[in-house]
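Structure first, then comments.
Structure representation (structure tokens):
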């Protein structure tokens with residue numbers, strides 16, 4: 023099969039993957055709807071527990087009043103009534119404590135609904151990912167090189183890495199509640215890249231004809247994938263913080279998700295891995311720049327923004343170890359960092375000229 027046929031099949035596979043990602047997104051959204059219903063049920067259970075606790079307190083008050091009257095009338099009956107009341111109070115208190123503890127655990131603990139929509143969404147995501155990987159492989163075979171030499175190819179590979187990270191993390195932690203975010207952003211980015219950034223297979227420009235293209239750019243896509251998942255967890259963390267502070271009560275699905283502290287812990291672990299990859303990206307880029315252009319650093323626009331992203335996520339990691347910066351402030355840094363990654367990929371590539379202008383589009387300088 024010739025390269026043109028492989029490139030065409032790759033594009034068809036990309037469109038197919040987008041379609042299946044959209045179906046997975048719909049399934050995950052339906053799962054979130056089911057979670058909302060579950061959250062409303064939890065609210066109703068908590069209100070019933072509170073009402074039951076109030077009834078028990080009222081009955082205890084009535085019994086206490088009757089006891090006082092009895093003590094005033096008959097001294098002998100006082101001892102008997104007090105004993106009965108003590109036993110009733112003990113039973114009532116145990117019941118109330120049990121109900122209260124059950125309500126708190128039900129509302130605050132992580133709830134795994136395991137609905138059929140959740141399982142369907144994950145299955146569709148795996149299918150879309152397999153088609154996606156096939157598209158990447160066919161693009162590489164058509165080009166006779168690694169498929170990340172221009173904006174379309176980087177977007178195709180980068181979104182594939184995001185899904186790969188999401189699926190791999192499932193082996194350690196159930197993140198299916200993040201499925202709508204992952205499939206939604208991947209379908210959107212892949213669709214935009216296909217419509218706006220697609221270019222035919224072309225030979226590599228001379229500066230890119232290096233083994234460092236395989237290492238430097240691929241490691242950057244790995245870092246991007248981990249940052250994307252970490253940003254999604256941080257967004258949920260910010261929402262959960264507001265709910266726990268008494269806000270966002272009209273978003274009942276948040277009651278079925280992990281606590282803000284658990285989400286922060288998961289986000290931190292994912293972002294630390296991404297930061298390690300991004301650090302290597304920065305170092306490898308400097309080494310490649312020295313071999314290609316004779317200097318390690320030249321304050322090129324792409325170099326500057328890669329460093330800015332590194333600084334933001336370094337600040338995030340430092341913030342979590344600093345008193346007063348953990349929680350929402352650190353989460354905002356994670357979201358800002360991933361926003362900078364998207365800015366670096368789109369705006370910097372499209373509107374800033376420099377030595378790293380390899381989008382493959384007509385607006386490139388051709389360097």
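In this note's numbering, the protein residues as written are 23 to 389.
Just so you know, even glycine gets a beta-carbon here, dropped at the ideal spot from N, CA and C.
Worksheet item: Can you give the Cα-Cα distance for residue 270 and residue 174, rounded to whole angstroms?
Response: For the purposes of this step, residue 270 is taken as residue 248 along the chain shown, with counting starting at 1. For the purposes of this step, residue 174 is taken as residue 152 along the chain shown, with counting starting at 1. The alpha-carbon atoms of residue 270 and residue 174 are separated by roughly 38 Å.
Discussion item. Quick check on residue 340: buried or exposed, where buried means 16 or more other Cβ atoms within 10 Å of its Cβ?
Written reply: Within the chain shown, the letter at position 318 stands for residue 340. That one is exposed.
Worksheet item: Do you know offhand how far residue 240's Cα is from residue 268's?
Response: Within the chain shown, the letter at position 218 stands for residue 240. Within the chain shown, the letter at position 246 stands for residue 268. If you take the alpha carbons of residue 240 and residue 268, they lie about 43 Å apart.
Worksheet item: Under a three-way DSSP split, which group does residue 338 fall into?
Response: Within the chain shown, residue 338 is the residue found at index 316, counting from 1. Here residue 338 sits in helix by DSSP.
Discussion item. Would the stretch 312 to 332 count as touching the stretch 209 to 225 if we require 3 or more Cβ pairs under 8 Å?
Written reply: no
Practice prompt. Just the C-alpha distance for residue 11 and residue 190, rounded to the nearest angstrom, thanks.
Written response: Any answer about residue 11 is impossible in this case: the structure gives the chain only from 23 up to 389.
Discussion item. Here's a check: name, in chain order, each residue in its chain whose Cβ is nearer than 6 Å to the Cβ of residue 96, leaving out the five neighbours to either side.
Written reply: Along the chain shown, one-based indexing puts residue 96 at 74. With a pLDDT of 40 at residue 96, under the threshold of 50, the modelled position of that residue is not reliable, and the figure given next carries that caveat. Excluding residues within five positions, none has a Cβ falling inside 6 Å.
Worksheet item: Closest by CA to residue 44, which one among 29, 150 and 32?
Response: Working through the chain shown from its first residue, we reach residue 44 at position 22. That would be 150, whose Cα lies nearest to the Cα of residue 44.
Worksheet entry | Buried versus exposed, by CB contacts within 10 Å (16 or more), residue 282 | If you number the chain shown from 1, residue 282 lands on position 260. Its Cβ being crowded by 16 or more others within 10 Å, residue 282 is buried.
Item to complete: Could you check if residue 217 is buried or exposed, using at least 16 other CB atoms within 10 Å of its CB as the buried criterion?
Response: As a first step, residue 217 is located in the chain shown; it is residue number 195 there, counting from the start. It is exposed - the Cβ of residue 217 has fewer than 16 other Cβ atoms within 10 Å.
Discussion item. Quick check: what's the CA-CA separation for residue 362 versus residue 334?
Written reply: As a first step, residue 362 is located in the chain shown; it is residue number 340 there, counting from the start. As a first step, residue 334 is located in the chain shown; it is residue number 312 there, counting from the start. Cα-Cα distance, rounded: 9 Å.
Discussion item. Using only the alpha-carbon positions, how far apart do residue 169 and residue 181 sit?
Written reply: Working through the chain shown from its first residue, we reach residue 169 at position 147. Working through the chain shown from its first residue, we reach residue 181 at position 159. Between residue 169 and residue 181, the C-alpha separation is close to 13 Å.
Item to complete: Specify, as a first and last residue, the run of the alpha helix (DSSP H) that residue 315 falls within.
Response: For the purposes of this step, residue 315 is taken as residue 293 along the chain shown, with counting starting at 1. Residue 315 -> alpha helix (DSSP H) spans 282 to 315.
Item to complete: Would you check if the distance between the CB atom of residue 158 and the CB atom of residue 178 is smaller than 8 Å?
Response: Sequence index remark: in the chain shown, residue 158 carries index 136 (1-based). Sequence index remark: in the chain shown, residue 178 carries index 156 (1-based). Contact: yes.
Worksheet item: What is the rounded straight-line gap between the Cα of residue 230 and the Cα of residue 155?
Response: The count along the chain shown starts at 1 and reaches residue 230 at position 208. The count along the chain shown starts at 1 and reaches residue 155 at position 133. The straight-line gap from Cα to Cα measures roughly 23 Å.
Discussion item. Quick check for students: name the residue ranges of the alpha helix (DSSP H) that lie wholly in the stretch 126 to 205, counting only runs of 4 or more.
Written reply: 138 to 165 and 173 to 191
Practice prompt. Determine the DSSP secondary structure at residue 232, reduced to helix, strand or coil.
Written response: The residue labelled residue 232 in the question sits at position 210 within the chain shown. Residue 232 falls in the coil class under three-state DSSP.
Fill in: Contacts around residue 252, its chain only, beta-carbon distance under 7 Å, and the 5 residues preceding and following it disregarded
As a working note, residue 252 is residue 230 in the chain shown. The answer, listed in chain order, is 289, 292, 293, 296 and 356.
Worksheet entry | residue 228 classed as buried or exposed, judged by whether at least 16 other C-beta atoms fall within 10 angstroms | Position 206 of the chain shown, counted from the first residue, corresponds to residue 228. Classification of residue 228: exposed, given that the 10 Å Cβ count is below 16.
Practice prompt. Inspect the beta-carbon positions of residue 201 and residue 50 and report whether they are closer than 8 Å.
Written response: Position 179 of the chain shown, counted from the start, is the residue given in the question as residue 201. Position 28 of the chain shown, counted from the start, is the residue given in the question as residue 50. The answer is yes: Cβ separation under 8 Å.
Practice prompt. Alpha carbon to alpha carbon, how far is residue 278 from residue 244? Give it in angstroms, no decimals.
Written response: Sequence index remark: in the chain shown, residue 244 carries index 222 (1-based). Sequence index remark: in the chain shown, residue 278 carries index 256 (1-based). Approximately 30 Å, taken between the alpha carbons.
Worksheet item: Which first and last residues belong to the alpha helix (DSSP H) in which residue 360 is found?
Response: Here residue 360 refers to the residue found at position 338 of the chain shown. From DSSP, the alpha helix (DSSP H) with residue 360 extends over 350 to 365.
Worksheet item: Where does residue 259 sit, in a helix, a strand or coil, going by DSSP?
Response: Taking the first residue of the chain shown as position 1, residue 259 is located at position 237. It is helical.
Worksheet item: Are there 16 or more other CB atoms within 10 angstroms of the CB of residue 32, so buried, or fewer, so exposed?
Response: Numbered from 1 along the chain shown, position 10 holds the residue referred to as residue 32. Classification for residue 32: buried.
Worksheet item: Going by beta carbon distance, what residues of the same chain come within less than 8 Å of residue 36, once the five residues before and after it are set aside?
Response: For this step, residue 36 is matched to residue 14 along the chain shown. Within the same chain, residue 36 has close Cβ partners 154, 157, 178, 212 and 216.
Worksheet item: Roughly how many whole angstroms lie between the Cα atoms of residue 402 and residue 331?
Response: Residue numbering for the chain in the displayed model covers 23 to 389; residue 402 lies beyond these limits and cannot be assessed.
Worksheet item: According to the Cβ coordinates, are residue 286 and residue 349 closer than 8 Å?
Response: By 1-based counting over the chain shown, the position of residue 286 is 264. By 1-based counting over the chain shown, the position of residue 349 is 327. Yes, Cβ-Cβ distance for residue 286 and residue 349 is below 8 Å.
Item to complete: From the DSSP output, in three-state form, read off residue 324 for me.
Response: Position 302 of the chain shown, counting from 1, holds the residue named residue 324. Three-state DSSP puts residue 324 in a helix.
Worksheet entry | Residues near residue 54 by beta carbon distance below 7 Å, same chain, minus five either side | One-based indexing of the chain shown puts residue 54 at position 32. Excluding residues within five positions, the ones whose Cβ falls inside 7 Å are 202 and 275.
Worksheet entry | Pairwise C-alpha distance: residue 140 and residue 163 | By 1-based counting over the chain shown, the position of residue 163 is 141. By 1-based counting over the chain shown, the position of residue 140 is 118. Spanning the two alpha carbons is a distance of roughly 35 Å.
Worksheet entry | Distance CB(residue 325)-CB(residue 307) smaller than 8 Å | Mapped onto the chain shown, residue 325 falls at position 303. Mapped onto the chain shown, residue 307 falls at position 285. Yes, these two residues count as a Cβ contact at 8 Å.
Item to complete: Answer yes or no: do residue 209 and residue 47 have a C-beta to C-beta separation smaller than 8 Å?
Response: By one-based count along the chain shown, residue 209 stands at place 187. By one-based count along the chain shown, residue 47 stands at place 25. Yes, the pair counts as a contact, with Cβ atoms nearer than the cut-off.
Worksheet entry | residue 353 and residue 260 closer than 8 Å at C-beta | Locating residue 353 in the chain shown gives position 331, counting from the first residue. Locating residue 260 in the chain shown gives position 238, counting from the first residue. Yes, these two residues count as a Cβ contact at 8 Å.
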